[in-house]
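Engineer: The following block contains the structure, expressed as structure tokens.
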Amino acid sequence: MILTCSRCKKEKPETEFYKANSTKTGFVGKCKMCCRAWHKAHRQNNIDKFKAKNNAYYKANKEKCLARNKIYREHNKEKKKAMDRAYYIKNKEKHLLKSKAYHAANKEKCSAISRNYQKTHKDKHNECNRLYHKRNKDKIKALRLANKDKRKIYVRENADKFRGYCRKRQSLKRGNIYEPYINNYIFERDGWICQLCGQKINRRLKYPNPRSKSIDHIVPLSKGGDDSPTNVQATHLRCNVGKNATNKGQLRLFGW
Ligand SMILES: [Zn+2]
Ligand SMILES: [Zn+2]
């Protein structure tokens with residue numbers, strides 16, 4: 131059967147019309163295309179109303195909606211993934227801003243989560259880091275070069291911390307036992323008295339002043355000594371260097 135659309139006035143086969151019980155022909159007066167266009171326009175014109183209606187429905191049937199969504203997601207995994215990805219790319223700026231704002235507002239929470247994640251996913255985290263470094267080699271190199279002076283200042287200001295890292299690395303490399311400790315704790319424990327010459331250590335003097343503080347390994351790391359509180363003592367830098375010189379019969383590079 132050929133029908134004429136009441137809107138676009140075109141003649142179309144009956145398959146192009148929706149069925150209706152209440153009309154004489156058994157079909158809707160408008161063709162499918164016109165119906166769709168009308169619905170679309172109608173929805174756009176009353177978007178707030180539709181949204182409110184949808185929201186109300188969602189609220190009243192939350193369980194049902196969520197279950198339906200879940201089933202849909204499970205059946206259309208690939209599609210959903212692609213959709214999410216497309217949405218992310220399209221709204222990247224927005225997304226980044228949003229996540230930045232969230233991080234700024236929930237700093238403590240976010241860093242706790244990420245710290246925890248790093249701890250529980252150590253291998254994955256390390257692998258990710260390694261891949262990132264590999265992929266962004268030039269970027270990291272450039273960044274390092276750009277922040278060279280900043281880094282120098284930071285290292286100088288946190289010299290104790292970096293010497294600690296260095297000691298840790300050295301003792302782990304040698305297979306010695308490593309037990310973390312804080313330098314100042316060792317100096318406090320030994321009463322800021324040099325354990326080699328018995329004189330007071332001035333805590334304000336800084337490396338490379340010969341009378342500045344220094345951590346000495348009672349049994350040297352090179353002889354299998356632990357890097358632990360029980361094997362370290364407070365000394366003057368000059369006394370520490372002097373001890374190493376007499377032990378080895380030569381002046382070794384001191385410091386780290
Ligand atoms: Zn039509
Ligand atoms: Zn001394």
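If you want the working numbering, it's the position in the sequence shown, counting the first as 1, plus 130.
Note that beta-carbon positions come from the ideal geometry of N, C-alpha and C, so glycine has one too.
Just so it is clear, the structure is predicted and the values come from calculations on it, not from any experiment.
1) Tell me, which residues are paired with L133 by DSSP?
2) Out of C258, L302, K149, which has the shortest C-alpha to C-alpha gap to S352?
3) Which full runs of the beta strand (DSSP E) of 3+ residues lie inside the segment 199-283, going along the chain?
4) Can the beta-carbon of H366 be found less than 8 Å from the beta-carbon of R333?
5) Taking 8 Å as the threshold (C-beta atoms), are S136 and K170 in contact?
6) At a threshold of 7 Å, does T365 count as lining ligand 2 (C-beta to nearest heavy atom)?
7) With a threshold of 7 Å (Cβ to nearest heavy atom), would M131 be considered close to ligand 1?
8) When you compare only the Cα positions, how much space is there between K237 and K230?
9) Assuming V362 contacts I312 (C-beta within less than 8 Å), just tell me the rounded distance between them.
10) What's the gap between the Cα of S358 and the Cα of N306?
11) Within 10 angstroms of the Cβ of A272, are there 16 or more other Cβ atoms? Answer buried if so, exposed if not.
12) Please report how far the alpha carbon of R382 lies from the alpha carbon of A235, in whole angstroms.
13) At what residues does the alpha helix (DSSP H) containing Q325 begin and finish?
14) Would you say C327 and A364 are within 8 Å of each other, going by their C-beta atoms?
Structural biologist: Quick answer:
1) Answer is K142, bridged to L133.
2) With distances taken between Cα atoms, S352 lies closest to L302.
3) Counting whole runs of 3 or more residues, the segment 199-283 contains no beta strand (DSSP E) stretch at all.
4) Result no, Cβ atoms of H366 and R333 do not sit closer than 8 Å.
5) no
6) yes
7) no
8) 10 Å
9) Not really, about 11 Å apart at Cβ, beyond 8 Å.
10) 10 Å
11) exposed
12) Residue confidence for R382 is low, a pLDDT of 42 falling below 50, so the modelled location carries little weight; the figure read from the coordinates is stated next. When the Cα atoms are used, R382 and A235 turn out to be separated by approximately 51 Å.
13) It is not in any alpha helix (DSSP H) - Q325 carries neither H nor E in the DSSP assignment.
14) No. Outside cutoff.
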